[in-house]
Amino acid sequence: MRIRDRGSQEIFDYFEAITREAYRHVCLAADPVLARSPLTGFIRRFLDGDAPRPVTAPRVARRLLAYFLGAAREVRLFAQRRRRHQDSGQRFETRAQHLVVLDTVYYVDKMLKSGSTQLINFPGLDADLADAGYAYAVAPEIHGSFTPAELSRLFGILRGSGAPVLTQYQLFTRGDMVRLIWLCLCYPLALLAFLRRRGQSRADGLLRCECLESLSSGVVNAFLRHLYGRGLARLGPERITVISWCENRAGDKMFYRGLRQGPAKVDIVGARLFIFPERYIGCYINRSEAALGFAPDRLVVNGPHFRCESEPVPAVVGPALRYRPLFAHQPPAGRRHDILLLMPYGEKAARALLLAVGRLPEQRFLVRFHPAQTLEQWRAHLPANVSPASGELIESLARAKAAVGAESGSLLEAVACGVPVVNVDVEGKHSLGYLPDLGQGEVWFAARTPEDIATALDRAGAVPEQTRLDYARRYRQTFFCEPVPGRILEPFGL
Numbered sequence: 007m008r009i010r011d012r013g014s015q016e017i018f019d020y021f022e023a024i025t026r027e028a029y030r031h032v033c034l035a036a037d038p039v040l041a042r043s044p045l046t047g048f049i050r051r052f053l054d055g056d057a058p059r060p061v062t063a064p065r066v067a068r069r070l071l072a073y074f075l076g077a078a079r080e081v082r083l084f085a086q087r088r089r090r091h092q093d094s095g096q097r098f099e100t101r102a103q104h105l106v107v108l109d110t111v112y113y114v115d116k117m118l119k120s121g122s123t124q125l126i127n128f129p130g131l132d133a134d135l136a137d138a139g140y141a142y143a144v145a146p147e148i149h150g151s152f153t154p155a156e157l158s159r160l161f162g163i164l165r166g167s168g169a170p171v172l173t174q175y176q177l178f179t180r181g182d183m184v185r186l187i188w189l190c191l192c193y194p195l196a197l198l199a200f201l202r203r204r205g206q207s208r209a210d211g212l213l214r215c216e217c218l219e220s221l222s223s224g225v226v227n228a229f230l231r232h233l234y235g236r237g238l239a240r241l242g243p244e245r246i247t248v249i250s251w252c253e254n255r256a257g258d259k260m261f262y263r264g265l266r267q268g269p270a271k272v273d274i275v276g277a278r279l280f281i282f283p284e285r286y287i288g289c290y291i292n293r294s295e296a297a298l299g300f301a302p303d304r305l306v307v308n309g310p311h312f313r314c315e316s317e318p319v320p321a322v323v324g325p326a327l328r329y330r331p332l333f334a335h336q337p338p339a340g341r342r343h344d345i346l347l348l349m350p351y352g353e354k355a356a357r358a359l360l361l362a363v364g365r366l367p368e369q370r371f372l373v374r375f376h377p378a379q380t381l382e383q384w385r386a387h388l389p390a391n392v393s394p395a396s397g398e399l400i401e402s403l404a405r406a407k408a409a410v411g412a413e414s415g416s417l418l419e420a421v422a423c424g425v426p427v428v429n430v431d432v433e434g435k436h437s438l439g440y441l442p443d444l445g446q447g448e449v450w451f452a453a454r455t456p457e458d459i460a461t462a463l464d465r466a467g468a469v470p471e472q473t474r475l476d477y478a479r480r481y482r483q484t485f486f487c488e489p490v491p492g493r494i495l496e497p498f499g500l
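Numbering (this note's numbering), first residue to last: 7 to 500.
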């Protein structure tokens with residue numbers, strides 16, 4: 007795998023070298039540090055040149071105690087949720103010989119608010135499958151915090167909609183409960199044994215520290231994803247095609263490995279139909295992950311830019327399903343008036359961005375949140391000069407004269423809609439760098455301080471209309487692929 011950034015390449019090579027040994031025990035694929043999650047501190051501390059902190063026996067004991075208590079709580083919570091699902095009567099049944107499974111995400115708060123089972127990651131794909139005569143089921147990973155009563159409401163929505171939804175609660179068996187407990191018990195022991203075998207390099211020292219710091223019950227969700235995959239593979243159809251939203255997270259790896267442990271012939275298509283920067287190294291699949299069955303059989307990517315020839319999994323360019331409105335939208339000529347604020351997913355980056363624009367009281371911003379965020383989460387943190395935007399993103403972009411953001415793929419969408427962009431660097435050398443070199447200084451402008459943002463906004467406002475339109479066309483051709491009716495299913499092998 008070739009990455010232009012030297013530090014990112016070094017980290018990727020290090021993990022590729024240790025993955026084959028680590029993943030010999032399936033439970034270690036659930037570890038967020040070994041999965042190269044950007045939410046752990048390893049990558050940041052490695053790039054900062056930090057020295058490893060000493061690992062002491064009392065510290066290990068405290069982390070182990072916290073892990074076992076948390077894991078027991080998570081297992082008990084899952085069992086309670088499974089009982090609620092059984093009581094709800096929500097089920098999926100099929101006699102199809104070939105079943106297409108859409109592995110996606112349901113955000114509980116959004117579903118409870120809308121009462122809809124709309125596919126956020128694969129909008130319209132269910133209708134395309136139905137029109138083509140394929141039997142399909144949605145296999146959702148349910149995200150969010152919710153009370154037991156809200157979970158019951160969610161199951162009621164699923165049952166009332168009649169949507170073909172196959173949850174992990176339906177497939178989970180008593181034998182799976184035994185496997186789950188076994189994975190929970192084996193994981194910390196296998197992790198400690200693996201860490202003891204590491205050498206004395208700085209990277210090995212940081213790995214020990216971060217794996218122990220990240221030792222938590224969060225791995226239980228990845229174990230459940232593994233068992234979910236096993237359940238799907240023994241569902242009944244002779245052939246199953248899984249179209250999986252593929253970010254290469256620990257849960258994704260465990261899910262793919264589980265799918266390969268059943269009697270059915272399972273074809274796993276990793277849908278990488280989103281925008282991600284080159285420095286997001288956790289998204290890339292290494293050779294050991296592919297060889298050991300922790301990766302999809304092939305990838306479908308959002309646009310030509312995201313097709314990486316050096317990855318061990320073949321990739322084709324497919325329909326940018328989440329960006330369908332982008333191709334129906336024509337960048338309007340004439341004067342626009344709004345300044346959009348496009349929020350990143352990370353909380354630290356989001357707070358820094360709000361703090362920066364809050365120091366520009368003379369400017370008014372309309373904020374749009376990441377799909378995983380809600381206005382309620384951030385309302386108390388919005389500066390006086392920031393207001394929520396209404397309608398869909400494409401509608402906001404049609405009215406925007408400029409967009410300000412940080413660490414967000416929506417910045418590329420803005421340029422593709424003919425909107426000049428101010429990219430605020432809130433992470434320094436840890437910035438993932440979503441925007442490419444293409445158009446820097448012409449249609450997008452870098453900033454670090456509030457004063458830089460004000461200057462960049464002036465420059466954005468002076469971008470000629472033809473320049474905006476030219477870069478909009480080039481961004482669409484490079485980073486997106488238009489979903490063409492009648493050909494949407496082809497890249498998935500259907």
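Just so you know, even glycine gets a beta-carbon here, dropped at the ideal spot from N, CA and C.
Q. CA-CA distance, Leu131 and Pro489?
A. 10 Å
Q: Kindly list the residues whose CB is nearer than 7 Å to the CB of Lys407, restricted to its own chain and excluding five residues on each side of it in sequence; keep chain order.
A: Arg342, His343, Asp344, Ile345 and Gly467
**Q.** CB contact flag (Ala409, Val430, <8 Å)
**A.** no
Q.
I need the DSSP call for Pro146, collapsed to helix, strand or coil.
A. strand
Q. If we ignore side chains and look at the alpha-carbon of each, how far apart do Phe74 and Ser167 end up?
A. 38 Å
Q: Would you mind reading off the limits of the beta strand (DSSP E) that contains Ser393?
A: DSSP places Ser393 in the uninterrupted beta strand (DSSP E) bounded by Val392 to Pro394.
(Q) For a test of the three-state rule: what should DSSP assign to Val469, helix, strand or coil? (A) coil
**Q.** Boundaries of the beta strand (DSSP E) in which His104 is found, first to last residue
**A.** His104 to Tyr113
Q. Just the Cα atoms here: how many angstroms apart are Pro283 and Glu253?
A. Rounded to whole angstroms, Pro283 to Glu253 spans 12 Å at the Cα level.
Q: Quick one: using the 10 Å Cβ neighbour count with 16 as the cut-off for buried, is Ala133 buried or exposed?
A: exposed
Q) In three-state terms, what does DSSP make of Leu305? A) strand
Q) Helix or strand or just coil, what does DSSP make of Val225? A) helix
Q.
Judging by CA-CA distance, which residue of Arg479, Phe52 and Val428 is the nearest neighbour of Asp464?
A. Of all alpha-carbon atoms in Arg479, Phe52 and Val428, the one lying nearest the alpha-carbon of Asp464 is that of Val428.
Q. In chain order, what residues of the same chain lie with their CB nearer than 7 Å to the CB of Gly268, ignoring the 5 residues before and after it?
A. Arg236, Ala239 and Arg240
(Q) Measuring only the C-alpha atoms, how far is Tyr262 from Arg204? (A) 27 Å
Q.
With DSSP as the reference, identify every bridge partner of Asn429, one or two as the case may be.
A. Within the DSSP bridge table, the entry for Asn429 names Gly411 and Ala452 as partners.
Q: Compare the Cα-Cα distances from Thr46 to each of Glu27, His31, Leu218 and Leu197 and report the closest residue.
A: Leu218
Q. Under a Cβ-count criterion, where at least 16 other Cβ atoms within 10 Å of its own Cβ denotes burial, should Arg374 be classed as buried or exposed?
A. buried
Q.
Under 8 Å, with one C-beta from each stretch per pair, do the stretch 142-151 and the stretch 114-121 reach the 3-pair mark?
A. yes
(Q) Helix, strand or coil, according to DSSP, for Thr247 in the structure here? (A) Of the three classes helix, strand and coil, the one that applies to Thr247 here is strand, per DSSP.
(Q) Closest to Ala334 by C-alpha separation, out of Glu401, Arg385 and Leu172, would be which residue? (A) Glu401
Q) Nearest to Leu108 by alpha carbon, out of Asp11, Arg405 and Ala145? A) When only C-alpha atoms are compared, the closest one is Ala145.
**Q.** Which of helix, strand or coil DSSP assigns to Val171
**A.** Collapsing the DSSP output to three states places Val171 in a strand.
Q) Going by other Cβ atoms of all chains shown within 10 Å of its Cβ, with 16 needed for buried, is Ala271 buried or exposed? A) Here residue 271 is Lys; the residue named in the question, Ala, does not match the sequence. Around the beta carbon of Lys271, fewer than 16 other beta carbons lie within 10 angstroms, which makes this residue exposed.
Q.
Going by DSSP in three states, Gly434 sits in which element: helix, strand or coil?
A. helix
Q.
For His56 and Ala321, I'd like the C-alpha separation in whole angstroms.
A. The sequence shown places Asp at residue 56, not His. Using only the alpha carbons, I get a separation of about 36 Å.
Q: For His91, count neighbouring Cβ atoms within 10 angstroms of its own Cβ and tell me buried if that reaches 16, exposed if not.
A: Classified as buried, His91 has 16 or more neighbouring CB atoms from the shown chains inside 10 Å of its CB.
Q) So, helix, strand or coil for Ile163, using DSSP? A) helix
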